[in-house]
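Residue numbers (my numbering): -4 to 276.
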């Protein structure tokens, strides 16, 4: 079975639109600021997707585009301005930043209350402690939203996460742990990775490498969430798994495109509306 992310996104958008309308009835217009440096095509692509999703659910979104050679202090001044602006409820920073911008310093400057993509230490602390403060990274949470939509309860199941980034791997592992899964966190240097993957009932692959996990890691009954997205030599998008080899073996798997990535901007929109409510209790 294919786990269709578009269907998950549709359900999330409907719920978010209803919440957004309720806020508007109270005189609160949820707003998102998208902060982009330079003209990276992947940034522009995600920006277009985020703007389209916000428009669909009723969120007002604006882009703050800075040149690729922007001075770090100018960027930090803008972040501080967005922090102070009570009309803006969420800030999305498109990363990675140019080499001359210190990522840690920018993350430290952003108010965790407006950090709707879970990049600040304050947000990640909430993910790891399970306090519910801040927001989880959108892609990591999208994995859990897919499981929830399809009625897949992680409780008591063996989950393996391949990838240890703070963007997906580690937060996804923590979110699964909070759902009472038994989690093993792996990466591309893990010894005998296929064997560990075969033991998983839920397998999240966020290795950041095209085709990193193939048929040798598949097992009947598995639920596979492929987070990767890469352009193949044939011009088609591919994930971190060998989809064609794994699909006939496993119970269910997300396609690329149309899987986890399709849900990510819906989670972003949900976070913006939640942030607007928190800031206007």
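Positions of the beta carbon are idealized from the N, C-alpha and C atoms, including for glycine.
Going by the DSSP bridge assignment, what does residue 266 pair with across the sheet? None; residue 266 has no bridge partner.
Take the Cβ of residue 165 as the centre, count every other Cβ of all protein chains shown within 10 Å, and call the residue buried at 16 or more, exposed below. Counting of Cβ neighbours within 10 angstroms places residue 165 among the buried residues, the total reaching 16 or more.
What residues are listed by DSSP as bridge partners for residue 156? 180 and 199
Residues near residue 24 by beta carbon distance below 6 Å, same chain, minus five either side: Answer for residue 24: 55, listed in chain order.
Going by the beta-carbon positions, is the gap between residue 154 and residue 211 smaller than 9 Å? With contacts defined as CB atoms closer than 9 Å, residue 154 and residue 211 fail to qualify as a contacting pair.
In terms of residues, what are the limits of the beta strand (DSSP E) holding residue 58? 55 to 61
Name the two residues that bound the continuous beta strand (DSSP E) containing residue 141. Where residue 141 is concerned, there is no enclosing beta strand (DSSP E), although the alpha helix (DSSP H) it sits in stretches over 133 to 144.
On the DSSP bridge list, what partners appear for residue 95? Its beta-bridge partners do not exist; DSSP assigns none.
Under a Cβ-count criterion, where at least 16 other Cβ atoms within 10 Å of its own Cβ denotes burial, should residue 34 be classed as buried or exposed? exposed
Euclidean distance between Cα positions of residue 274 and residue 84: In a straight line, the C-alpha of residue 274 is about 7 Å away from that of residue 84.
Where does residue 186 sit, in a helix, a strand or coil, going by DSSP? coil
At least 3 beta-carbon pairs within less than 8 Å: the stretch 135 to 149 vs the stretch 98 to 111: no
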